[in-house]
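Top to bottom, those sequences are chains A and B.
Residue numbering for the first sequence follows this note's numbering, starting at 19 and increasing by one per position.
Residue numbering for the second sequence follows this note's numbering, starting at 5 and increasing by one per position.
Read through the structure below, which is laid out as structure tokens, and then see the notes.
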Amino acid sequence: MTETVHNDYEVSSEGAVRHWEIPYARLCHNTPMETNVNQVNGLLPGHELTGMVLTIDAVTSVAVMDFTAGMVYRNDIRNVLTYVAAPGGAEATWGLVNIGDPVYYDDSTTMPAGVYLSTAPANNAGAPVANPLYGFVVPANDADMALFLPAGRGIAIAPGSTLRLAIMQIGAGAA
Amino acid sequence: MTETVHNDYEVSSEGAVRHWEIPYARLADVTPTPTNAAQVTGLLDGHQLTGTILTIDAGTSVAVIDFTASMVYRHDVRNVLTYAGAEATWGPINIGDPVYYDDGATMVAQFIQLSTSPAPTGGGANTLFGFVVPADPTDVFPKGAALIAGTYRCAVMQLGAGAA
Chain A
19 MTETVHNDYE
29 VSSEGAVRHW
39 EIPYARLCHN
49 TPMETNVNQV
59 NGLLPGHELT
69 GMVLTIDAVT
79 SVAVMDFTAG
89 MVYRNDIRNV
99 LTYVAAPGGA
109 EATWGLVNIG
119 DPVYYDDSTT
129 MPAGVYLSTA
139 PANNAGAPVA
149 NPLYGFVVPA
159 NDADMALFLP
169 AGRGIAIAPG
179 STLRLAIMQI
189 GAGAA
Chain B
5 MTETVHNDYE
15 VSSEGAVRHW
25 EIPYARLADV
35 TPTPTNAAQV
45 TGLLDGHQLT
55 GTILTIDAGT
65 SVAVIDFTAS
75 MVYRHDVRNV
85 LTYAGAEATW
95 GPINIGDPVY
105 YDDGATMVAQ
115 FIQLSTSPAP
125 TGGGANTLFG
135 FVVPADPTDV
145 FPKGAALIAG
155 TYRCAVMQLG
165 AGAA
């Protein structure tokens with residue numbers, strides 16, 4: 019093979035907003051629902067592509083997802099930090115969630131139905147598998163900002179808590 | 005809890021430019037200056053959200069920060085590579101080099117936020133802020149040299165919300 023100028027190299031349009039179709043079969047949660055986040059399966063645990071499901075086509079089993087870096091959506095966040103070190107381990111520790119904290123796509127079996135994001139960098143697979151960084155907590159508005167300061171939000175002891183927070187997503191900027 | 009369609013899920017407008025308000029109390033430098041780089045405090049050292057300060061509201065102690073991935077701003081970059089308490093080694097800065105938000109004490113004392121050191125003085129990890137790019141065809145590289153400490157105003161393509 020020789021190095022050539024490709025005449026078919028541009029697939030997306032220009033502009034940094036990126037909505038893209040992904041087949042259900044390549045999604046971590048393969049019964050996707052609009053307005054919920056999802057993760058595209060990939061070879062390297064902890065480095066998967068993630069984004070927001072905008073709409074679904076149940077006939078073709080395809081989801082249209084927003085992979086735009088920097089978009090802010092409200093998402094449900096579990097404030098778990100670590101799990102018991104056993105396959106399917108229970109939640110072990112929790113923390114207050116504050117502006118700037120990283121949020122991960124967490125496929126742990128203990129995550130409540132409809133909740134895909136947490137503050138845990140690794141899941142509860144026993145030999146922990148890294149969770150991909152999904153984004154960062156930001157204030158949704160001035161009133162929301164006031165709820166975070168100074169210490170953060172949530173319950174830092176058992177049973178923990180699930181919070182609906184504004185998240186600035188990494189999307190296609192993920193590494 | 006059941007999986008539902010959320011009726012209040014979109015917070016930002018569409019478009020990939022992202023200017024967002026952050027309270028001073030959650031910034032690494034709690035006395036932010038417009039046009040300087042900023043880091044939002046987070047749980048995981050080396051993986052914080054970073055951007056460039058556009059303006060501040062001293063009345064409400066809130067900074068408006070540009071978190072747009074791939075925006076290019078000129079920033080002062082310290083060419084330190086490693087520390088041994090004080091700065092230990094330095095290197096020339098070239099196009100493509102990674103630049104970190106460095107909140108070590110030696111940087112704070114100089115009022116500079118960015119360096120080429122992946123770790124601050126005192127240990128830990130610095131967050132990758134972006135990459136050096138040419139500002140225009142006349143922008144000369146490399147800037148600085150090995151063994152010589154210096155601070156250089158460089159065009160930096162920021163990761164912003166595309167941070168890793």
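Where is the CB? At the ideal position from N, CA and C, for every residue including glycine.
Fully contained in the segment 66-133 of chain A is no alpha helix (DSSP H) run of length 4 or more. Restricting attention to A:Tyr91, A:Ala148, A:Ile175, A:Trp112, the CA atom closest to the CA of Asn11 of chain B is found in A:Tyr91. The alpha carbon of Glu91 of chain B has as its nearest neighbour, out of B:Gly108, B:Tyr77, B:Arg78, the alpha carbon of B:Gly108. Asp143 of chain B is not bridged by DSSP to any residue.
Ile188 of chain A has a beta carbon lying within less than 8 Å of a beta carbon in chain B.
The Cβ of Gly88 of chain A sits closer than 8 Å to at least one Cβ of chain B. Along the segment 45-58 of chain A, the positions whose C-beta sits under 8 Å from a C-beta of chain B are Met51, Glu52, Thr53, Asn54, read in chain order.
For the segment 90-103 of chain A, the set of positions with a beta-carbon nearer than 7 Å to some beta-carbon of chain B reads Val90, Tyr91, Arg92 in chain order. Asp12 of chain B carries a coil assignment under DSSP once its states are collapsed to helix, strand and coil.
Residue environment analysis places Leu181 of chain A among the buried positions, since at least 16 neighbouring C-beta atoms fall within 10 angstroms of its C-beta. In this structure, Val84 of chain B sits away from Phe135 of chain B, with a CB-CB distance that is not shorter than 8 Å. Judged by beta-carbon spacing, Leu118 of chain B lies within the 8 Å limit of Val81 of chain B, meaning their Cβ atoms are closer than that value. Excluding its 5 nearest sequence neighbours in each direction, Thr111 of chain A has C-beta neighbours in its own chain below 8 Å: Val98, Leu99, Thr100, listed in chain order. For Gln43 of chain B, the secondary structure class from DSSP, reduced to helix, strand or coil, is strand. Of all residues in the segment 46-57 of chain B, the ones placed with a Cβ closer than 7 Å to any Cβ belonging to chain A are Gly46, Leu47, Leu48, His51, Gln52, Leu53, in chain order. CA-to-CA, the gap between Val156 of chain A and Pro138 of chain B works out to about 31 Å.
Taken atom to atom, the span from the alpha-carbon of Thr68 of chain A to that of Gly189 of chain A is near 6 Å.
The continuous alpha helix (DSSP H) containing Gln114 of chain B extends over residues 109-114. Fewer than three beta-carbon pairs drawn from the segment 143-163 of chain A and the segment 71-83 of chain A are found closer than 8 Å, and the two stretches are therefore not classed as touching. As the crow flies, the alpha-carbon of Pro141 of chain B is around 16 Å from that of Tyr77 of chain B. The contact set of Ala169 of chain A on chain B, defined by CB atoms closer than 9 Å, is empty, because the minimum CB distance reaches about 10 Å. The beta carbon of Met161 of chain B sits closer than 6 Å to the beta carbons of Ser74, Val76, Gly134, Phe135, Val137 from its chain, once the five residues preceding and following it are set aside; these are given in chain order.
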